[in-house]
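K.L.:
Below is the structure I would like to discuss, written out as C-alpha cells.
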Amino acid sequence: MTDLRIGVLGFGLRGSIARTAHRPGVGSCVTALADPDAKARTEAATAFPHALLHADHRKVVEDPDVEAVLVLTPDHTHADLACEALRAGKPVFVEKPLDITVERCDEILRTAYETKTRLYVGHNMRHMPVVRLMRDLMARGTIGAVKTVWIRHFVGYGGDWYFKDWHAERKHTTGLLLQKAAHDIDVLHWLAGGYARDVQAMGDLMVYGDNPHRRSDGEPKADDWYSEDGHWPPHTQRALNPVIDVEDVSLLNLRLDNGVLAAYQQCHFTPDYWRNYTVIGDAGRLENFGDGPGGHVKVWNSRRSGHRPDADETHAIPGGEDNAGHGGAAPLLIDEFVRFVRDGGVTATSPVAARMAVAAGVGATASLRDGGTPRRVPALDPELVAYFERGQV
Numbered sequence: 250m251t252d253l254r255i256g257v258l259g260f261g262l263r264g265s266i267a268r269t270a271h272r273p274g275v276g277s278c279v280t281a282l283a284d285p286d287a288k289a290r291t292e293a294a295t296a297f298p299h300a301l302l303h304a305d306h307r308k309v310v311e312d313p314d315v316e317a318v319l320v321l322t323p324d325h326t327h328a329d330l331a332c333e334a335l336r337a338g339k340p341v342f343v344e345k346p347l348d349i350t351v352e353r354c355d356e357i358l359r360t361a362y363e364t365k366t367r368l369y370v371g372h373n374m375r376h377m378p379v380v381r382l383m384r385d386l387m388a389r390g391t392i393g394a395v396k397t398v399w400i401r402h403f404v405g406y407g408g409d410w411y412f413k414d415w416h417a418e419r420k421h422t423t424g425l426l427l428q429k430a431a432h433d434i435d436v437l438h439w440l441a442g443g444y445a446r447d448v449q450a451m452g453d454l455m456v457y458g459d460n461p462h463r464r465s466d467g468e469p470k471a472d473d474w475y476s477e478d479g480h481w482p483p484h485t486q487r488a489l490n491p492v493i494d495v496e497d498v499s500l501l502n503l504r505l506d507n508g509v510l511a512a513y514q515q516c517h518f519t520p521d522y523w524r525n526y527t528v529i530g531d532a533g534r535l536e537n538f539g540d541g542p543g544g545h546v547k548v549w550n551s552r553r554s555g556h557r558p559d560a561d562e563t564h565a566i567p568g569g570e571d572n573a574g575h576g577g578a579a580p581l582l583i584d585e586f587v588r589f590v591r592d593g594g595v596t597a598t599s600p601v602a603a604r605m606a607v608a609a610g611v612g613a614t615a616s617l618r619d620g621g622t623p624r625r626v627p628a629l630d631p632e633l634v635a636y637f638e639r640g641q642v
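If you're matching positions, the sequence shown starts at 250 in my numbering and goes up one per residue.
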C-alpha cells in the first residue's frame, strides 16, 4: 500500500503531530506544508526535506497530490481552514479544540456533513494508556455504575506554554477552560458515558496577570521561552505575552445528561505537571497516581474502611512508544486517522464529542466571567449527531 500523502497547515507547537505523521514507507508522509512564518518553514525543510513548502495555505489545500490535510494552526483559525479543506474534498484532521466557539464548531461539522468529506479531531487522550486503562477497568464493572468524576489538572509549565504566546489571549482561545480543558472534558464525557448539560465555574488570573515582564508587540518569544529547570517559581517568568487576559486557575462543576456529577480543577502555576482522575461508582472508586509509565491506577471496592494506601487492586500504567507524546498516544492517533481516511469506520475520537467539549468549555468560561452563574450547554443538531454516530456514512 502506498503512503497517504498528507498536507500540513501550521508548523508551530503542534508540529510534533506532523512529525509523527511523516513515516515514509510505513503508511503516510508529509508532501506539502504551509506556514506564514519563514522560521517555521525553515524548520519544516529539515523535518520534511522532500515536501513542498508554502507561505499560503491555499497552495496545500488546492494541491491535487495532497490526499488529506492536518490543521495544526492556532485554535481560532481552525474553522476557516478546516471548512476550506473539506470543501476541496480533502479529509481533515483538526487538532483539538475543534474551534473556540460553538457556532464555528457547528460550521465545521455541518460542512463535513454537506460535503460528505471525512472529519477527524485530534483528541489524543482517548489513546493515552492511563485513560484506556481506567476505561477498561470501568467496563469490567470494577466500580459499578459511574456516579461522579473528579479531575485535578496540575499544569507545571503553564507559564511557559500558555502565557508567552497567543494562548494567553481570549480572542485566540476563549479561555483555558476551553483551550486546555477540552482534553479533560472530552475524557470526562468518555469515561462517564454522557455529555455536560449544565456547567458552573469560578476562576481568576492570580499569578501571571500581575507579572510586568511582557514582550513588546511584535517581539518574538525569547530563545529560552521554555525551560524544564528554570522559570521557577512563577514570578520569575520573563518575556510573557504582551496581552494576558485568560485565567490561570479555574474550578468547574458539571452535571451530565445522564445524571453524573463531575468537577474539574485547573491550575497553571503548580510545580508538578500531571492529571489526577477520581471516578466513583456505586460499587467502588478508582484513582490514578501519575498519568504515564511508572504510575498506577488503584481501585478500592471490597469494603468500607478508613484510608487504605494499599488498594484492593493496583494496575501499572503501561508505557507507550518511545519519545511519543501524551504517553504514546500520538502514533496511535495518527494510525487511526490514516486508517479512517482510507477505510472509514468507527474511531475512538468523535467530532460530536469534540464539539460537546468545546460547548462545555464555552459555557464554563461564560459562567466564570459572570460570577459563577450556571449555564446550559447547547445541544447539537440531531441530524448531525446521527450522521457522525453512523461513522460519517
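Just so it is clear, CB atoms sit at the ideal spot from N, CA and C, and this is done for glycine as well.
Check HIS372 in the structure and name its three-state DSSP category.
P.N.:
Three-state DSSP puts HIS372 in coil, outside helix and strand.
K.L.:
Please look up how many angstroms separate the CB atoms of LEU500 and ALA450, rounded, as I've assumed it's under 8 Å.
P.N.:
Sure, about 6 Å apart at Cβ, within 8 Å.
K.L.:
Any chance you could list the alpha helix (DSSP H) runs of at least 4 consecutive residues sitting entirely within the region 408-487, in chain order?
P.N.:
Entirely contained in the region 408-487, the alpha helix (DSSP H) runs reaching 4 residues are, in chain order, 419-422, 425-428, 430-441.
K.L.:
Taking only the alpha-carbon atoms, compute the straight-line gap between ARG367 and HIS438 and give it to the nearest angstrom.
P.N.:
If I take the Cα positions, the gap works out to 23 Å.
K.L.:
Give every residue of the same chain whose Cβ lies closer than 6 Å to the Cβ of ALA334, excluding the five residues on either side of it in the sequence, and list them in chain order.
P.N.:
Excluding residues within five positions, the ones whose Cβ falls inside 6 Å are VAL310, VAL318, VAL341.
K.L.:
I want to know whether the region 490-497 touches the region 354-363 - three or more CB-CB distances under 8 Å.
P.N.:
No, they do not touch.
K.L.:
Below 8 Å on the Cβ atoms is my contact criterion, and I expect VAL548 with VAL395 to pass it. Report the Cβ-Cβ distance as a whole number of Å.
P.N.:
About 13 Å; that fails the 8 Å criterion.
K.L.:
So what's TYR281 in DSSP terms, helix, strand or just coil?
P.N.:
Before going on, a small fix: residue 281 reads as Ala here, not Tyr. Three-state result, ALA281: strand.
K.L.:
Decide yes or no for the touch test of the region 349-357 against the region 508-519: beta carbon pairs closer than 8 Å, at least 3 of them.
P.N.:
Because the criterion of three Cβ pairs below 8 Å is not met, the region 349-357 and the region 508-519 do not touch.
K.L.:
Under DSSP, the alpha helix (DSSP H) around VAL601 begins and ends at which residues?
P.N.:
That run of the alpha helix (DSSP H) goes 600-617.
K.L.:
With burial defined as no fewer than 16 other Cβ atoms inside 10 Å of the residue's Cβ, what is the status of VAL626: buried or exposed?
P.N.:
VAL626 comes out buried.
K.L.:
Taking one C-beta from the region 577-595 and one from the region 461-479 each time, how about it: are there three or more such pairs within less than 8 Å?
P.N.:
The region 577-595, when compared against the region 461-479, does not touch it at the 8 Å Cβ threshold.
K.L.:
Report the option in THR422, TYR406, PRO631, ALA417 whose CA atom is closest to the CA atom of GLU477.
P.N.:
Among THR422, TYR406, PRO631, ALA417, the Cα nearest to that of GLU477 belongs to TYR406.
K.L.:
Considering ALA649, what are the terminal residues of the beta strand (DSSP E) in which it resides?
P.N.:
Nothing can be reported for residue 649: it is not among the residues displayed for the chain, which extend from 250 to 642.
K.L.:
Could you pull out every unbroken beta strand (DSSP E) segment of at least 3 residues lying fully inside the region 490-562, listed in chain order?
P.N.:
Segments of the beta strand (DSSP E) lying fully in the region 490-562: 498-505, 510-516, 523-530, 533-538, 545-549.
K.L.:
Taking just the CA atoms, how far does LEU510 sit from ARG268?
P.N.:
The straight-line gap from Cα to Cα measures roughly 39 Å.
K.L.:
How about the region 367-382 and the region 553-570: do they share at least three Cβ pairs that are nearer than 8 Å?
P.N.:
These segments touch.
K.L.:
How should THR485 be labelled, buried or exposed, when 16 other C-beta atoms within 10 angstroms of its C-beta is the threshold for buried?
P.N.:
So THR485 ends up on the exposed side.
K.L.:
Hey, out of ILE392, PRO323, ALA331, VAL456, whose CA is closest to SER429's CA?
P.N.:
The sequence shown places Lys at residue 429, rather than the Ser named in the question. When each option's Cα is compared against that of LYS429, the closest is PRO323.
K.L.:
With a cut-off of 8 Å on the beta carbons, I'd call GLY452 and VAL498 a contact; round off their distance for me.
P.N.:
Correct: roughly 6 Å between the Cβ atoms.
K.L.:
Do ILE255 and GLY371 have their C-beta atoms closer together than 8 Å?
P.N.:
Not in contact: ILE255 and GLY371 (Cβ atoms no closer than 8 Å).
K.L.:
For THR391, which of helix, strand or coil comes out of DSSP?
P.N.:
Coil at THR391, not helix or strand.
K.L.:
Tell me the residue span of the alpha helix (DSSP H) that contains GLU333.
P.N.:
Here the alpha helix (DSSP H) through GLU333 covers 327-336.
K.L.:
Less than 8 Å between the CB atoms is what I'm expecting for GLY612 and ARG624, so what's the real figure, rounded?
P.N.:
About 4 Å; that satisfies the 8 Å criterion.
K.L.:
Relative to the C-alpha of THR622, which residue among ASP447, ARG401, PRO461 is closest?
P.N.:
Nearest option by C-alpha distance: ASP447.
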